[in-house]
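Working notes, beginning with the structure itself.
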Amino acid sequence: MRHFAAVALVLMLFLSITTLSVSASSVTGHGCAPRVPPAVPGNPAAAPAVSGVIVINEVLLTPFSTWNCSESPGTYSLITDTWIELYNTQNKPLNLYASHAVIDSGPGTNFFYLPFGASIAPHGYLVLFPRYDASFLSTQTSTLRLLIGGVVLDQVTVAHLNPDQSYARTADGTASWHVSSMPTIDSSNSTPPATPPAATSPPGGQNGPGGNSGSDGNTGSGHSNRSTSTWNKANNSKALVNGVQPQWSNLQLPAVTPTNASSTAPSAVTPSSSNFADIVRRPALTVLFILLALVILWCWRVFYKKP
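Structure (structure tokens):
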């Protein structure tokens, strides 16, 4: 009986640890990139010091989840998960390490030297985690530049970002930028949602050309002309009584005044609750590991320790 209880307890702890580990690995809901640049097939030539050949394509400066594939799921920090994505606009692979490419924040700031083997495939991406370099971090600002031999290939000043938002080109390599709540690390940038068309008033407006004519107008006392009558027939058909438009003074105004949408303050962007789940899972995993170790020690003492 004791053997059965011990084996059952060990299995329960093992399954709990496995379940929590799998859950922790799936809470981020987005991709990641390795800290060490992957190898690029072929023999990439050194990237030329020409503006626009390689561009800064997307930047995330306030991480709130795991973006670095080299870390354990659920682990993140401002140092290890801040990233910069470069994009190769050319049809051939390029070696940035061989070109001694660097990133800085402007004249007089410290360099981040691209790591050994940093190459980029044709129309491909290269993700960097520059804050591992304490020297670069000490002078980093919201401005980022990519340089080769003192020539600025690209430069961007990052807009204010909420946690886990990125500043990205609207399409890879294009001139327009936007703040993205769905960063696309190491992949093609997503197009931001289309803005709904603004509401427009009817042609001429209610009181525009062809609008109301007063008692001294050409169409009779207190009545609107044909343009206004037509507009009201389409939009205020309930105002007609027996086919005759009543006096404007007799129309009833709405009891509720419409609220101006622009007066409502936009809701703040809240970080994903998945990261709160990480905070709960990590100590739970620690406790389960300790319990598993104690159970194994107890089993050893009960069943295998010599008298």
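Taking the numbering used here, the leading residue of the sequence shown gets 227, the next gets one more, and so forth. No residue lacks a Cβ here, since even glycine has one placed at the ideal position from N, Cα and C.
(1) Considering only DSSP beta bridges, list what Ala-271 is partnered with.
(2) Taking the alpha-carbon positions, what's the Val-285 to Glu-311 distance?
(3) If I follow the unbroken alpha helix (DSSP H) through Thr-365, where does it start and stop?
(4) Just checking my contact of Pro-341 with Tyr-313 at CB under 8 Å: how many whole Å lie between their CB atoms?
(5) Between the Cα of Leu-372 and the Cα atoms of Asn-336, Pro-348 and Leu-387, which residue gives the shortest distance?
(6) Taking the DSSP output, what are the residues bridged to His-404?
(7) Just checking, does the segment 288-300 make contact with the segment 375-392 on the three C-beta pairs under 8 Å criterion?
(8) Grouping DSSP H, G and I as helix and E and B as strand, with all else coil, what is Ile-411?
(9) So, using beta-carbon positions, are Thr-369 and Ser-406 closer together than 8 Å?
(10) Bridge partners of Phe-338, per DSSP?
(11) With a 10 Å radius around its C-beta and 16 neighbouring C-beta atoms as the bar for buried, classify Thr-383 as buried or exposed.
(12) Run through DSSP, which three-state label would Arg-527 get?
(13) Taking all protein chains shown into account, do 16 or more other C-beta atoms lie within 10 angstroms of the C-beta of Phe-529, making it buried, or fewer, making it exposed?
(14) Specify, as a first and last residue, the run of the beta strand (DSSP E) that Tyr-313 falls within.
(15) Beta-carbon of Trp-293 versus every beta-carbon of chain C: anything under 8 Å?
(16) Could you pull out every residue in the same chain whose Cβ sits closer than 6 Å to the Cβ of Pro-409, ignoring the five residues on either side in sequence?
(17) Based on the DSSP output, what are the partners of Asn-294 in its beta bridges?
(18) Taking all protein chains shown into account, decide if Gly-300 is buried (16 or more other Cβ within 10 angstroms of its Cβ) or exposed.
(19) In the DSSP assignment, find the beta strand (DSSP E) that holds Tyr-351 and state where it starts and stops.
(20) May I ask you to report which of helix, strand or coil DSSP gives Leu-304?
(21) Return the chain-ordered list of same chain residues with a C-beta closer than 7 Å to the C-beta of Ser-296, the five sequence neighbours on each side being excluded.
(22) Kindly indicate the opening and closing residues of the beta strand (DSSP E) around Leu-373.
(23) To the nearest angstrom, report how far apart Ala-272 and Pro-319 are at their CA atoms.
(24) Candidates Tyr-339, Leu-523, Ile-411 and Asp-398: which alpha carbon is nearest Ile-280's?
(25) Let me check understanding here. Comparing Cα to Cα, which of Ala-519, Tyr-302 and Gly-334 lies closest to Phe-355?
(26) Report back the beta-carbon spacing between Ala-347 and Val-266 to the nearest angstrom; my notes put them in contact at under 8 Å.
(27) In three-state DSSP terms, what is Leu-518?
(28) State the Cα-Cα distance for the pair Gly-255 and Ala-394, rounded to the nearest angstrom.
(29) In whole angstroms, what is the alpha-carbon distance linking Arg-357 and Phe-515?
(30) Which partner residues does Ser-345 have in the DSSP bridge list?
(31) By alpha-carbon positions, which one of Asn-317, Leu-520 and Ser-416 ends up nearest to His-349?
Quick answer:
(1) What you label residue 271 is simply residue 45 of the sequence shown in a count that begins at 1. Leu-320.
(2) Reading the sequence shown from its first residue, position 59 is the one you call residue 285. Reading the sequence shown from its first residue, position 85 is the one you call residue 311. Their backbone Cα atoms lie some 6 Å apart in a straight line.
(3) As a position in the sequence shown, residue 365 is number 139, starting the count at 1. Here the alpha helix (DSSP H) through Thr-365 covers 360-365.
(4) Locating residue 341 in the sequence shown gives position 115, where the first residue counts as 1. Locating residue 313 in the sequence shown gives position 87, where the first residue counts as 1. About 18 Å; that fails the 8 Å criterion.
(5) Within the sequence shown, the letter at position 146 stands for residue 372. Checked all of Asn-336, Pro-348 and Leu-387; the closest Cα to Leu-372 is Asn-336.
(6) As a working mapping, residue 404 is identified with position 178 in the sequence shown. Under DSSP, His-404 shares a beta bridge with Ala-394.
(7) In short, these stretches touch, since the Cβ pair count reaches three.
(8) Within the sequence shown, numbered from 1, the residue matching residue 411 stands at position 185. In this structure, Ile-411 counts as coil in the three-state DSSP scheme.
(9) On the sequence shown, residue 369 is found 143 positions in, with the first residue counted as 1. On the sequence shown, residue 406 is found 180 positions in, with the first residue counted as 1. Not a contact, by the Cβ cut-off of 8 Å.
(10) Residue 338 sits at position 112 when you count from the first residue of the sequence shown. Phe-338 pairs with Ile-329.
(11) Within the sequence shown, numbered from 1, the residue matching residue 383 stands at position 157. Under a 10 Å Cβ-count criterion, Thr-383 is classified as exposed, with fewer than 16 other Cβ atoms of the shown protein chains found around its own Cβ.
(12) Taking the first residue of the sequence shown as 1, we reach residue 527 at position 301. In this structure, Arg-527 counts as helix in the three-state DSSP scheme.
(13) Sequence index remark: in the sequence shown, residue 529 carries index 303 (1-based). Classified as exposed, Phe-529 has fewer than 16 neighbouring CB atoms from the shown chains inside 10 Å of its CB.
(14) The count along the sequence shown starts at 1 and reaches residue 313 at position 87. First-last of the beta strand (DSSP E) with Tyr-313: 309-314.
(15) No chain C is part of this structure, which consists of one protein chain only.
(16) If you number the sequence shown from 1, residue 409 lands on position 183. By the criterion of a C-beta distance shorter than 6 Å, Pro-409 is surrounded in its chain by Leu-286 and Ser-392, once the five residues flanking it on both sides are discounted.
(17) Here residue 294 is taken as the residue at index 68 of the sequence shown, counted from 1. Paired residue(s): Ala-259.
(18) Position 74 of the sequence shown, counting from 1, holds the residue named residue 300. Looking at its Cβ environment, which holds 16 or more other Cβ atoms inside 10 Å, Gly-300 is buried.
(19) Stepping through the sequence shown from its first residue, residue 351 is reached at position 125. Tyr-351 -> beta strand (DSSP E) spans 351-354.
(20) As a first step, residue 304 must be located in the sequence shown, where it is residue number 78. It is coil, neither helix nor strand.
(21) In the sequence shown, counting from the first residue as 1, residue 296 sits at position 70. Cβ within range, chain order: Pro-260 and Arg-261.
(22) Counted from its first residue, the sequence shown places residue 373 at position 147. Following the DSSP letters along the chain, one finds Leu-373 inside the beta strand (DSSP E) bounded by residues 369-374.
(23) By 1-based counting over the sequence shown, the position of residue 272 is 46. By 1-based counting over the sequence shown, the position of residue 319 is 93. In a straight line, the C-alpha of Ala-272 is about 9 Å away from that of Pro-319.
(24) Translated into the one-based positions of the sequence shown, residue 280 becomes position 54. Closest option to Ile-280, Cα to Cα, is Asp-398.
(25) In the sequence shown, the residue the question calls residue 355 occupies position 129. Checking every option, the nearest Cα to that of Phe-355 belongs to Tyr-302.
(26) Within the sequence shown, the letter at position 121 stands for residue 347. Within the sequence shown, the letter at position 40 stands for residue 266. Right, their Cβ atoms sit about 5 Å apart.
(27) Stepping through the sequence shown from its first residue, residue 518 is reached at position 292. In the structure shown, Leu-518 falls within a helical segment according to DSSP collapsed to helix, strand and coil.
(28) Numbered from 1 along the sequence shown, position 29 holds the residue referred to as residue 255. Numbered from 1 along the sequence shown, position 168 holds the residue referred to as residue 394. Straight-line Cα distance between these residues: approximately 19 Å.
(29) Residue mapping note: residue 357 aligns to position 131 of the sequence shown, counting from 1. Residue mapping note: residue 515 aligns to position 289 of the sequence shown, counting from 1. Their Cα atoms are separated by approximately 32 Å.
(30) Residue numbering aside, residue 345 sits at position 119 when the sequence shown is read from its first letter. According to DSSP, Ser-345 bridges with Asn-321.
(31) Your numbering for residue 349 matches position 123 in the sequence shown. The shortest Cα separation from His-349 among Asn-317, Leu-520 and Ser-416 belongs to Asn-317.
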